[in-house]
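Following: one structure in structure tokens, then a few remarks.
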Amino acid sequence: AGVGCEIDICFAIDESGSLGRARYAQELDFVTSMTDSMFSKHIDPSTGGSMTNAPRYAAWIFDQDSSSKDLVSHLTPNHTDFKIKVAEMALTYNGGYTNIYSGVDRCISSLPDKTRPRVMVVLTDGVPNRGPGAPNRNAIKTNILAVSDKAKSDGIELYAVGLYSSSTRYLDVNLLKGMASTESHSLNIKFNQIATTVDSLTSRYCAANPVATPAPTPAPTPAPTPAPTEAPTEAPTPAPTPAP
Numbered sequence: 004a005g006v007g008c009e010i011d012i013c014f015a016i017d018e019s020g021s022l023g024r025a026r027y028a029q030e031l032d033f034v035t036s037m038t039d040s041m042f043s044k045h046i047d048p049s050t051g052g053s054m055t056n057a058p059r060y061a062a063w064i065f066d067q068d069s070s071s072k073d074l075v076s077h078l079t080p081n082h083t084d085f086k087i088k089v090a091e092m093a094l095t096y097n098g099g100y101t102n103i104y105s106g107v108d109r110c111i112s113s114l115p116d117k118t119r120p121r122v123m124v125v126l127t128d129g130v131p132n133r134g135p136g137a138p139n140r141n142a143i144k145t146n147i148l149a150v151s152d153k154a155k156s157d158g159i160e161l162y163a164v165g166l167y168s169s170s171t172r173y174l175d176v177n178l179l180k181g182m183a184s185t186e187s188h189s190l191n192i193k194f195n196q197i198a199t200t201v202d203s204l205t206s207r208y209c210a211a212n213p214v215a216t217p218a219p220t221p222a223p224t225p226a227p228t229p230a231p232t233e234a235p236t237e238a239p240t241p242a243p244t245p246a247p
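The opening position of the sequence shown corresponds to residue 4 in my numbering, with each subsequent residue numbered one higher.
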């Protein structure tokens with residue numbers, strides 16, 4: 004396998020009121036930093052140019068209503084365009100409740116191509132309080148686990164990332180572990196440590212899904228050297244017969 008990151012990825016991004024505008028902006032910065040890291044891993048070191056089969060990015064935010072306005076970007080290989088759309092979301096922060104279910108469900112719909120490795124990253128700072136089953140908190144969690152299982156059974160690798168300021172007590176750590184593909188896919192990260200975790204996180208899923216390196220072209224087999232052709236042996240010239 005070669006250097007690269009040949010995956011489709013969807014980010015489900017919390018927009019709840021507990022974040023506040025500043026931490027919401029940090030969350031969006033986290034997303035753009037991760038895509039920057041993925042993009043940098045997809046540069047061909049021999050040419051300095053982008054490799055083929057580049058990563059493709061999609062994102063949704065989730066809040067209490069989870070309407071169509073919460074679309075950040077459909078799946079696209081255009082890294083620059085995706086970053087612009089993420090940055091624009093910082094201008095429209097509305098706060099509200101936490102509907103993790105809708106974020107997961109919509110990312111599933113944004114990752115339909117089963118011919119490519121698919122990754123979902125869910126970012127949240129709190130406990131879900133909206134979605135199917137509301138207002139019953141246990142029913143909400145049961146449905147979130149069910150839709151996460153749907154994603155995983157469909158072949159999507161799911162990372163559940165809890166973001167916090169000083170304590171994880173506002174996170175539902177057990178729910179995040181249940182959502183994630185494995186326990187190591189469940190991460191709790193301090194807001195002020197986001198920058199230091201970006202590259203290690205993207206390295207995990209890029210390393211698992213690198214770009215295949217084409218088999219080297221075999222050197223041509225040289226034609227056999229023909230054996231030297233011997234010159235024909237001339238018959239000896241008879242000596243002249245002396246006259247009688």
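From the three backbone atoms N, C-alpha and C, an ideal C-beta is built for every residue, glycine too.
Whether residue i touches residue j by CB criterion (8 Å)
i: A142; j: S36; result: no
i: D128; j: Y173; result: yes
i: L148; j: V164; result: no
i: F65; j: D17; result: yes
i: T79; j: Y60; result: yes
i: I111; j: K180; result: no
i: S19; j: Y100; result: yes
i: R24; j: Q67; result: no
i: L31; j: A93; result: yes
i: Y131; j: N102; result: Note that residue 131 is Pro in the sequence shown, not Tyr. Contact flag set, yes.
Integer-rounded CB distance, given that residue j should sit under 8 Å from residue i
i: A44; j: C209; result: Here residue 44 is Lys; the residue named in the question, Ala, does not match the sequence. At roughly 5 Å, the Cβ-Cβ gap stays under 8 Å, so K44 and C209 are in contact.
i: Y162; j: V107; result: About 12 Å; that fails the 8 Å criterion.
i: E160; j: V122; result: 5 Å
Proximity to residue i [Cα-Cα], best of the options
i: S170; options: L161, D39, E18, K193; result: K193
i: N195; options: Y27, C13, S184; result: Y27
i: W63; options: V34, N81, G23; result: V34
i: T38; options: F14, L94, R121, K72; result: F14
i: S113; options: G134, H77, S184; result: H77
i: C8; options: T185, A57, H82, S71; result: A57
i: M182; options: L94, T83, T145, P120; result: T145
i: S156; options: S184, S40, G98, V176; result: S184
i: L126; options: V176, S206, R207; result: V176
i: R140; options: T118, L178, S168; result: L178
i: G158; options: S71, L74, R119; result: R119
i: S40; options: H82, S70, S71; result: H82
i: A90; options: R207, Q29, S70; result: Q29
Identity of the residues DSSP links to residue i by a beta bridge
i: F42; result: DSSP lists no partner for F42.
i: F65; result: D17
i: D11; result: R59, R121
i: K193; result: Y167
i: Y162; result: V124
Minimum length 3: unbroken beta strand (DSSP E) runs contained in the stretch 72-154: 74-79, 121-127
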